[in-house]
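When we follow our numbering, the leftmost residue of the sequence shown carries the number 450, and every step to the right adds one.
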Amino acid sequence: MKPDSAPQTLLDTVDADTMLREVQDWAAINTGTANIEGLAKMAGVLADAFSALPGDVELVDPATVTAISAEGREFEKPHGQHMVLRVRPQAQRRFVLTGHMDTVFPADHPFQEVTWLDDETLNGPGTADMKGGLNVILHALKTFEGMEGADRVGYDVMINADEETGSLASRGLIEELARGKYAALTYEPSALPDGTLAHARGGTGNYSITITGRSAHAGRNPHDGRNAIVAASDLVLRIKALEAGDITVNPAKIEGGAANNVVPDLAILRFNIRPQSTDAMHRFDGELDAILRLIETEHEVGVHRHGGVTRPPKPVDDKAQRLFDLVKACGAELGQTIGWKPTGGVCDGNNIAATGVPVVDTMGVRGGAIHSPDEFMIVPSLRERAALSALVLSKLSTGEYL
Ligand SMILES: [Zn+2]
450 MKPDSAPQTL LDTVDADTML REVQDWAAIN TGTANIEGLA KMAGVLADAF SALPGDVELV
510 DPATVTAISA EGREFEKPHG QHMVLRVRPQ AQRRFVLTGH MDTVFPADHP FQEVTWLDDE
570 TLNGPGTADM KGGLNVILHA LKTFEGMEGA DRVGYDVMIN ADEETGSLAS RGLIEELARG
630 KYAALTYEPS ALPDGTLAHA RGGTGNYSIT ITGRSAHAGR NPHDGRNAIV AASDLVLRIK
690 ALEAGDITVN PAKIEGGAAN NVVPDLAILR FNIRPQSTDA MHRFDGELDA ILRLIETEHE
750 VGVHRHGGVT RPPKPVDDKA QRLFDLVKAC GAELGQTIGW KPTGGVCDGN NIAATGVPVV
810 DTMGVRGGAI HSPDEFMIVP SLRERAALSA LVLSKLSTGE YL
């Protein structure tokens, strides 16, 4: 059957039974972000599945990522490989579709099984976030490849292995693949179980500040010491004071310290920021640097800064809004009512938007309770969403809508 954009034909073209079977198989593979073995298995399964599309599949090594230990030492964190499929790279108009294969459930988490809640609802790790979404990408593209105009355009598919910990090992790859693309679609689950999309998003940044003082005896010579905990506490109050209407700051943890009779020479402050605008993000960065220099001189301590903004804020500009409008219009053609709302959450859509490419980042399945053992996927949404994306891609391929 040669599908066209007639709504029922399009929906009928999507092989919903295969989709369901694949999602059940994929959810049964544990892919906690730290489970390198599980991720390798998943990457292999995905590489096989996506080989059904034209183009070349490649597994890409993760970028080097470091973190600061509780002892103040920088160490490397291992990550899984990312999958990339490139189709018709020579085409003038190209898209990027992205998803992640990792979940928040480690290999030793009790939530590993897929079970039915009712005959339309599947409970399981990563069913909604986002193995269902990965499967929607695959079947949307299989459907799209049979549609008029597909051969005029090209696309890249990027499935990373570290989204749930902030895509530190894949953000360079995401930005490289996004740059110059006509539009981007990301397959996080819908913001609400009714299919509502996430619209504008704030950004996020994580920092570890290591403060090195000088230890001394708390009774004999306390004035010879330089107290790292005091310096860290001063820092907490000063960064908290940087909060404004467009940014919040959450000092989360102070590690380090020493015995009660010792002036502590080590403190590590961990904190998170949530800038609502690019302006707030840059402003905070400058202010933080100035405060760190001040802490250094006033407390006579060493200060080392690690981390920063990993997800820039994602405002919705005119072009991105036209992409939202197109998704809504395609939904209407298929009998699906699609709205949107802003959200406090972040995802790879933030990083894509920062390259100036219009993106809708909740094109995945309908579902909910993600990041909890109650996570569920609404099974009929596999077909719905695959047809929706295929239709959106076919309209985008004409170049008339953005
Ligand atoms: Zn996700």
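Here a beta-carbon is modelled for each residue, glycine too, at the ideal position from N, C-alpha and C.
Check: 6 Å Cβ shell around P642 - same chain, five flanking residues per side excluded; Outcome: R815, G817
Check: Selection from A498, G487, N721 that minimises the alpha carbon distance to E471; Outcome: A498
Check: In DSSP terms, what S657 is bridged to; Outcome: R719, H755
Check: Start-to-end residues for the beta strand (DSSP E) that takes in L691; Outcome: Neither: L691 is in no beta strand (DSSP E) and is coded neither H nor E.
Check: Bounding residues of the beta strand (DSSP E) (the contiguous stretch that carries D505); Outcome: 505-509
Check: 6 Å Cβ shell around Y656 - same chain, five flanking residues per side excluded; Outcome: F720, G756
Check: Endpoints, the alpha helix (DSSP H) within which I740 is located; Outcome: 727-748
Check: Beta-carbon proximity check, T552 vs D578, cutoff 8 Å; Outcome: yes
Check: Check: H549 C-beta below 7 Å from any heavy atom of ligand 3; Outcome: Here the bound small molecules are ligand 1; ligand 3 is not part of this structure.
Check: N609 - partner residues in DSSP beta bridges; Outcome: H549
Check: Those residues which DSSP pairs with P713 across a bridge; Outcome: Paired residues: none, contrary to the question.
Check: Residues with C-beta closer than 5 Å to any heavy atom of ligand 1, in chain order; Outcome: D578, M579, E637
Check: Rounded straight-line distance, which links the Cα of V758 to that of A729; Outcome: 11 Å
Check: Contact under 8 Å by Cβ, L845 with F544; Outcome: yes
Check: Spatial distance of V585 from E523 (CA atoms); Outcome: 39 Å
Check: Residues sharing a beta bridge with T570, DSSP; Outcome: D567, I827
Check: 8 Å Cβ cutoff met for V534 and D605; Outcome: Here residue 534 turns out to be Leu, not Val, going by the sequence shown. Going by C-beta atoms, L534 is nearer than 8 Å to D605.
Check: Rounded C-alpha distance that separates E507 from G621; Outcome: 16 Å
Check: Contacting residues, own chain, Cβ-Cβ under 7 Å from P555 (five flanking each side not counted); Outcome: G481, A483, N484
Check: Inter-residue spacing [alpha-carbon to alpha-carbon] between A540 and L546; Outcome: 16 Å
Check: The segment 806-814 touching the segment 646-660, judged by at least three CB pairs closer than 8 Å; Outcome: yes
Check: Contiguous beta strand (DSSP E) assignments of at least 3 residues, all confined to the segment 464-547; Outcome: 505-509, 515-517, 523-525, 531-536
Check: Closest residue to L617 among P764, P713, T576, A516 (Cα-Cα distance); Outcome: A516
Check: N-terminal and C-terminal residue of the beta strand (DSSP E) that P791 is part of; Outcome: 789-792
Check: Where the alpha helix (DSSP H) containing L583 begins and where it ends; Outcome: 581-594
Check: Of the listed residues S843, E625, N479, D466, nearest to E597 (C-alpha basis); Outcome: S843
Check: Integer Cβ distance of L583 from I608, believed to fall under 8 Å; Outcome: 6 Å
Check: Alpha-carbon to alpha-carbon, D466 and W565; Outcome: 15 Å
Check: Among I478, A803, A677, K689, the one whose alpha carbon lies nearest that of P574; Outcome: I478
Check: Pick from L571, A633, E736 that is closest to A690, judged by C-alpha positions; Outcome: E736
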